[in-house]
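Just so we're aligned: the sequence shown equals residues 1 to 112 in full-length UniProt numbering.
A virtual CB, placed ideally from N, CA and C, is assigned to each residue, including glycine.
Below is one structure; the comments refer to it alone.
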Amino acid sequence: MPSVDTPFGQAQCNYPQDSGDGDSNRSDLDPTIPNEFDSNYYTNIQNSRGLLQSDQELFSSIGADIVAIVNRLAGSQTRFYDAFGDSMIKMGNIKPLTGTNGEIRTNCRRIN
(Lines of atoms letter the chains of each structure in order from A and count residues from 1; the text may use other names and numbers.)
(Lines give C-alpha, C1' and ligand atoms only; values in the text may rest on other atoms or scores of the structure.)
Protein backbone atom coordinates (compact mmCIF):
# COMPACT_ATOMS: atom_id res chain seq x y z
CA MET A 1 0.00 0.00 0.00
CA PRO A 2 1.49 3.38 -0.97
CA SER A 3 2.14 5.76 1.92
CA VAL A 4 1.12 8.81 -0.14
CA ASP A 5 -2.38 9.17 -1.52
CA THR A 6 -2.02 8.22 -5.22
CA PRO A 7 -4.01 11.10 -6.79
CA PHE A 8 -2.21 13.58 -4.51
CA GLY A 9 1.19 12.16 -5.47
CA GLN A 10 0.36 12.25 -9.16
CA ALA A 11 -0.77 15.87 -8.88
CA GLN A 12 2.56 16.77 -7.23
CA CYS A 13 4.44 15.19 -10.14
CA ASN A 14 2.65 17.60 -12.47
CA TYR A 15 3.72 20.65 -10.46
CA PRO A 16 5.63 23.07 -12.74
CA GLN A 17 9.38 22.69 -12.38
CA ASP A 18 12.17 25.09 -13.18
CA SER A 19 14.31 24.02 -16.11
CA GLY A 20 17.50 25.31 -14.46
CA ASP A 21 19.46 23.89 -11.52
CA GLY A 22 16.37 23.31 -9.39
CA ASP A 23 17.07 26.06 -6.87
CA SER A 24 13.96 27.98 -7.89
CA ASN A 25 11.57 25.00 -7.64
CA ARG A 26 9.07 25.74 -4.90
CA SER A 27 6.16 23.87 -3.41
CA ASP A 28 4.05 24.70 -0.37
CA LEU A 29 4.50 22.26 2.52
CA ASP A 30 0.78 22.64 3.13
CA PRO A 31 -1.03 22.98 -0.19
CA THR A 32 -4.44 23.05 1.55
CA ILE A 33 -3.78 26.38 3.34
CA PRO A 34 -0.39 27.57 2.04
CA ASN A 35 -0.40 31.03 3.64
CA GLU A 36 -1.26 29.96 7.19
CA PHE A 37 1.21 28.98 9.90
CA ASP A 38 -0.58 26.10 11.55
CA SER A 39 -0.48 22.37 12.28
CA ASN A 40 -2.17 21.44 9.00
CA TYR A 41 1.03 19.87 7.65
CA TYR A 42 0.62 17.12 10.24
CA THR A 43 -3.06 16.66 9.44
CA ASN A 44 -2.04 16.22 5.80
CA ILE A 45 0.39 13.48 6.83
CA GLN A 46 -2.40 11.71 8.73
CA ASN A 47 -4.46 11.84 5.53
CA SER A 48 -1.63 10.41 3.37
CA ARG A 49 -1.02 13.80 1.78
CA GLY A 50 2.37 14.68 3.22
CA LEU A 51 4.44 16.62 0.73
CA LEU A 52 7.76 15.19 1.90
CA GLN A 53 7.93 11.49 1.10
CA SER A 54 10.32 10.90 4.01
CA ASP A 55 7.82 12.27 6.55
CA GLN A 56 5.00 10.24 5.04
CA GLU A 57 7.09 7.05 5.12
CA LEU A 58 8.06 7.60 8.75
CA PHE A 59 4.41 8.12 9.71
CA SER A 60 3.52 4.91 7.87
CA SER A 61 6.05 2.91 9.92
CA ILE A 62 4.14 0.93 12.55
CA GLY A 63 5.45 1.65 16.03
CA ALA A 64 7.66 4.57 14.97
CA ASP A 65 7.98 7.39 17.52
CA ILE A 66 7.04 9.89 14.81
CA VAL A 67 3.47 8.51 14.65
CA ALA A 68 2.69 9.76 18.17
CA ILE A 69 4.39 13.10 17.46
CA VAL A 70 2.40 13.68 14.26
CA ASN A 71 -0.85 12.71 16.00
CA ARG A 72 -0.11 15.02 18.94
CA LEU A 73 0.78 18.02 16.73
CA ALA A 74 -2.12 17.46 14.32
CA GLY A 75 -4.57 17.19 17.22
CA SER A 76 -3.81 20.51 18.89
CA GLN A 77 -2.87 23.88 17.44
CA THR A 78 -1.65 24.96 20.88
CA ARG A 79 0.68 21.94 21.17
CA PHE A 80 2.02 22.72 17.69
CA TYR A 81 2.77 26.35 18.58
CA ASP A 82 4.36 25.32 21.90
CA ALA A 83 6.52 22.65 20.23
CA PHE A 84 7.54 25.07 17.48
CA GLY A 85 8.55 27.72 20.03
CA ASP A 86 10.57 25.17 22.02
CA SER A 87 12.34 23.95 18.89
CA MET A 88 13.23 27.49 17.81
CA ILE A 89 14.82 28.11 21.21
CA LYS A 90 16.79 24.85 20.94
CA MET A 91 17.97 25.76 17.44
CA GLY A 92 18.99 29.20 18.68
CA ASN A 93 21.19 27.54 21.29
CA ILE A 94 23.13 25.44 18.75
CA LYS A 95 26.74 26.49 18.79
CA PRO A 96 28.19 26.34 15.28
CA LEU A 97 31.58 24.76 14.80
CA THR A 98 34.19 27.35 13.88
CA GLY A 99 37.86 27.48 12.98
CA THR A 100 39.50 24.08 12.65
CA ASN A 101 36.49 22.44 14.35
CA GLY A 102 34.09 23.25 11.54
CA GLU A 103 33.76 23.89 7.85
CA ILE A 104 32.02 26.62 5.90
CA ARG A 105 30.91 25.12 2.64
CA THR A 106 31.24 27.13 -0.51
CA ASN A 107 28.45 24.97 -1.97
CA CYS A 108 26.01 23.47 0.56
CA ARG A 109 25.51 20.42 -1.65
CA ARG A 110 29.18 19.44 -1.58
CA ILE A 111 31.90 18.90 0.98
CA ASN A 112 34.80 21.28 0.34
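Open item on the list: Classify Phe37: buried if its beta carbon has 16 or more other beta carbons within 10 angstroms, exposed otherwise.
Closed with: Label assigned to Phe37: exposed.
Open item on the list: Using a Cβ-Cβ cutoff of less than 6 Å, which residues in the same chain neighbour Val70 once the five nearest sequence positions on both sides are dropped?
Closed with: Within the same chain, Val70 has close Cβ partners Tyr42, Ile45 and Phe59.
- [ ] Pull up the distance between the alpha-carbon of Ser54 and that of Ser61, whole angstroms please.
- [x] Taking the straight line joining both Cα atoms gives about 11 Å.
Open item on the list: Helix, strand or coil for Asn71? Go by DSSP, reduced to three states.
Closed with: In this structure, Asn71 counts as helix in the three-state DSSP scheme.
- [ ] Please classify Ser40: does DSSP put it in a helix, a strand, or coil?
- [x] Here residue 40 is Asn; the residue named in the question, Ser, does not match the sequence. Helix.
Task: Leu73 beta carbon less than 8 Å from that of Ala83 - done: Their beta carbons are under 8 Å apart, which means Ala83 touches Leu73 by this criterion.
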